[in-house]
Amino acid sequence: AQSVTQLGSHVSVSEGALVLLRCNYSSSVPPYLFWYVQYPNQGLQLLLKYTSAATLVKGINGFEAEFKKSETSFHLTKPSAHMSDAAEYFCAVRYSGYALNFGKGTSLLVTP
Amino acid sequence: GAGVSQSPSNKVTEKGKDVELRCDPISGHTALYWYRQRLGQGLEFLIYFQGNSAPDKSGLPSDRFSAERTGESVSTLTIQRTQQEDSAVYLCASSLREDKYNEQFFGPGTRLTVL
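These protein sequences, in sequence, are chains R and D. For any residue, its number in this note's numbering is found by taking its place in the first sequence, counting from 1, and adding 10. For any residue, its number in this note's numbering is found by taking its place in the second sequence, counting from 1, and adding 7.
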């Protein structure tokens with residue numbers, strides 16, 4: 011079965027430190043890739059999506075993700091964490107059809 | 008403009024009762040999706056609507072689950088004879104049209120607790 015794996019259900023970083031959230035997909039054919047963020051008591055919001063135009067994708071709030079076909083990965087990064095980045099982050103993949111396959115999510119904690 | 012809205016925001020019910028969850032998509036969005044998020048899990052796809060028809064119902068977990076959409080707007084997800092394992096957050100999303108890159112806009116969800 012095709013799947014999405016997010017390594018680390020909880021990630022803690024200091025304010026100003028690099029944020030790295032990992033996502034791997036299982037497919038020999040590159041799927042359509044997305045990162046969503048869910049702030050407390052809010053709905054999911056699209057951070058960025060891979061459209062095959064470039065392997066490095068820039069999203070909102072300073073986040074970016076790099077598509078690496080050889081590693082079947084689409085990790086999310088941000089050079090410097092802000093307190094406001096604390097949220098739940100979901101990697102999502104569309105292999106075929108209409109549905110998005112979501113990872114289990116990574117909760118990002120930013121400490122002062 | 009308004010986003011996707013869902014009601015109720017919270018629903019507590021007794022095992023065996025029927026529940027109805029409502030989703031109001033963004034005006035003009037022809038595609039509508041239902042997902043379920045159990046505690047500690049990712050989102051599970053339930054059903055997809057294009058207009059008023061549902062070309063993909065493959066995620067509905069059992070025949071106790073059904074959904075309809077009327078007037079290319081509001082959708083209702085119905086769970087009959089609820090079980091404790093139905094407890095989850097039910098999320099609705101809509102998109103302007105169906106294509107491989109199209110962004111799905113999510114509502115805040117309905118938290119269902121079955122006692």
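Every residue gets a Cβ at the ideal spot worked out from N, C-alpha and C, and that includes glycine. Note that the structure is predicted; figures quoted are calculated from it, not measured.
Task: Element boundaries [beta strand (DSSP E), containing R104(D)] - done: Position 97 of the second sequence, counted from the first residue, corresponds to residue 104(D). From DSSP, R104(D) is part of no beta strand (DSSP E); its letter is neither H nor E.
Task: Distance between L56(R) and G114(D) (C-alpha atoms, nearest Å) - done: One-based indexing of the second sequence puts residue 114(D) at position 107. One-based indexing of the first sequence puts residue 56(R) at position 46. Each residue's Cα considered, the two are about 12 Å apart.
- [ ] With DSSP as the reference, label K79(R) as helix, strand or coil.
- [x] Reading the first sequence from its first residue, position 69 is the one you call residue 79(R). In the structure shown, K79(R) sits in a helix (DSSP, three-state: H, G or I).
- [ ] Show which residues of chain D have a CB atom less than 7 Å away from the CB atom of F73(R).
- [x] Indexing the first sequence from 1 puts residue 73(R) at position 63. Within chain D, no residue comes near F73(R); the closest Cβ sits about 15 Å away, beyond 7 Å.
Task: DSSP three-state assignment for I54(D), whether helix, strand or coil - done: What you label residue 54(D) is simply residue 47 of the second sequence in a count that begins at 1. Note: I54(D) maps to strand in three-state DSSP.
- [ ] May I ask you to verify whether the region 53-66 of chain D touches the region 79-87 of chain D, counting CB pairs closer than 8 Å and requiring at least 3?
- [x] yes
Open item on the list: As a quick exercise: from S14(D), A9(D), K22(D), T120(D), pick the residue whose alpha carbon is nearest that of L28(D).
Closed with: Here residue 28(D) refers to the residue found at position 21 when the second sequence is read from its first residue. The shortest Cα separation from L28(D) among S14(D), A9(D), K22(D), T120(D) belongs to S14(D).
Open item on the list: For a contact defined as C-beta to C-beta under 7 Å, what are the partners of T61(R) on chain D?
Closed with: Within the first sequence, numbered from 1, the residue matching residue 61(R) stands at position 51. Per Cβ cutoff of 7 Å: Y108.
Task: Where the beta strand (DSSP E) containing E98(R) begins and where it ends - done: Position 88 of the first sequence, counted from the start, is the residue given in the question as residue 98(R). Segment 97-104, the beta strand (DSSP E) holding E98(R).
Open item on the list: Please report the straight-line C-alpha distance between N34(R) and Q16(R), rounded to a whole angstrom.
Closed with: The residue you call residue 34(R) lines up with position 24 of the first sequence. The residue you call residue 16(R) lines up with position 6 of the first sequence. Approximately 7 Å between the Cα atoms of the pair.
Open item on the list: Quick check: the region 108-120 of chain R against the region 62-69 of chain R, are at least 3 beta-carbon pairs closer than 8 Å?
Closed with: no
Task: Short Cβ contact (8 Å threshold) for A109(R) with F52(D) - done: Taking the first sequence and counting its residues from 1, one reaches residue 109(R) at position 99. Taking the second sequence and counting its residues from 1, one reaches residue 52(D) at position 45. In contact: A109(R) and F52(D) (Cβ atoms closer than 8 Å).
Task: Residues that V123(D) bridges to, as DSSP identifies them - done: The structure shown does not extend to residue 123(D), since chain D spans only 8 to 122, so no value can be given for it.
TODO: Write down the C-beta distance between Q91(D) and K22(D) rounded to the nearest angstrom, noting that I regard them as a contact closer than 8 Å.
DONE: Counted from its first residue, the second sequence places residue 91(D) at position 84. Counted from its first residue, the second sequence places residue 22(D) at position 15. The pair is a contact, with the Cβ atoms about 6 Å apart (cut-off 8 Å).
TODO: Check whether the Cβ of K114(R) lies closer than 8 Å to any Cβ atom in chain D.
DONE: Position 104 of the first sequence holds residue 114(R). Yes, K114(R) lies at the interface with chain D (some Cβ there is under 8 Å from its Cβ).
Open item on the list: By the three-class DSSP mapping on this structure, what secondary structure does Q48(R) have?
Closed with: Counting from one through the first sequence, the residue named residue 48(R) turns up at place 38. Three-state result, Q48(R): strand.
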